[in-house]
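First the structure, in the form of structure tokens, and then the observations on it.
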């Protein structure tokens, strides 16, 4: 292994594209023949190469920030997401991986490249690896913010992807999807509609108790749907940090109806309401005019009482 390791290092340093391919073939061969080495041995040798690859990728993207991105980067993107689950316990490598994806996301992209990335994001969001799905939905947030004008024609497709992740089986994916949706609402990339509000309301009312053999049991699938609806309402509330558009009071009242929900749902609501109180506190004397007296009473119970969502 030491000889192979030295050969890989030698080929990586060389500038010729053919040498880089040789290094890649050797690494592939080592992985294919990994039965001859323990996983720890193999990983200890390959981790430095992977880390260096990610650093060089960031340098390449930074140096070409005003030039068209290479098609190879687009093909590489799914792997930059899927490998997230492998490096979850390696903080340094995980940081390099995140930085490499963000370096791609903040690059100026022409319309055809945005379309290609959206296809790749949709593909990754169907991955069985939740780390990959979370990485993809986080990526789309930054990509859109840095390419707002060129990405606008694709807002319906991106909305579809984000809403799907809002009801993902994995909590971490749902949470980042809610943050992403709130950002898209706030910048106007996706418009808040009555249909959105009604859809989230219906999903947030999903009954998470079902009967099995005559006994009432908790349905994990229905809790996920209910939580997704609540996260959608949270996204609406958090999309307007400094004013009170017409849909905010209704969304807040719907969130206030979940005081007896499972802890993960109550925690999401508590975080959203805490952020709402923080961002609207200074001008509350003006914001309160957008609510009815009954709504203000309900909000007072929620926002003032420290134990309401404890």
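Numbering (our numbering), first residue to last: 2 to 311.
Note that the Cβ used here is the ideal one computed from N, Cα and C, for glycine as well.
Between the alpha carbons of residue 302 and residue 271 lies a distance of about 13 Å. Where residue 226 is concerned, the enclosing alpha helix (DSSP H) starts and stops at 221-239.
Looking at the DSSP output, residue 218 bridges to 211. Secondary structure at residue 90: coil, using DSSP grouped into helix, strand and coil.
Remark: C-beta atoms of residue 137 and residue 145 do not approach each other more closely than 7 Å. Residue nearest to residue 253 within the set 275, 212, 234 and 121 is 234 (criterion: CA-CA distance).
By the C-beta criterion, the region 157-168 is judged not to be in contact with the region 209-222, since fewer than 3 inter-stretch pairs fall below 8 Å. When DSSP states are grouped into helix, strand and coil, residue 130 belongs to the coil group. DSSP places residue 259 in no alpha helix (DSSP H); its state is neither H nor E. Annotation for residue 151: the continuous alpha helix (DSSP H) segment containing it runs 149-152. Distance between residue 194 and residue 249, taken at the CA atoms: about 12 Å. Here the alpha carbon of residue 219 sits roughly 47 Å from the alpha carbon of residue 72. With a cutoff of 7 Å on beta-carbon distance, residue 132 and residue 106 are scored as not near each other. Excluding its 5 nearest sequence neighbours in each direction, residue 277 has C-beta neighbours in its own chain below 6 Å: 238, listed in chain order. Annotation for residue 108: no alpha helix (DSSP H) segment contains it, and DSSP assigns it neither H nor E. DSSP places residue 171 in the coil class of the three-state scheme, outside both helix and strand. If you draw a 10 Å sphere on the C-beta of residue 175, you find 16 or more other C-beta atoms in it, and that means buried. With contact defined as three or more Cβ pairs closer than 8 Å, the region 72-84 and the region 110-129 are in contact. For residue 123, the CB contacts under 7 Å within the same chain, skipping 5 residues up- and downstream, are 162 in chain order. The DSSP-derived three-state label of residue 206 is coil.
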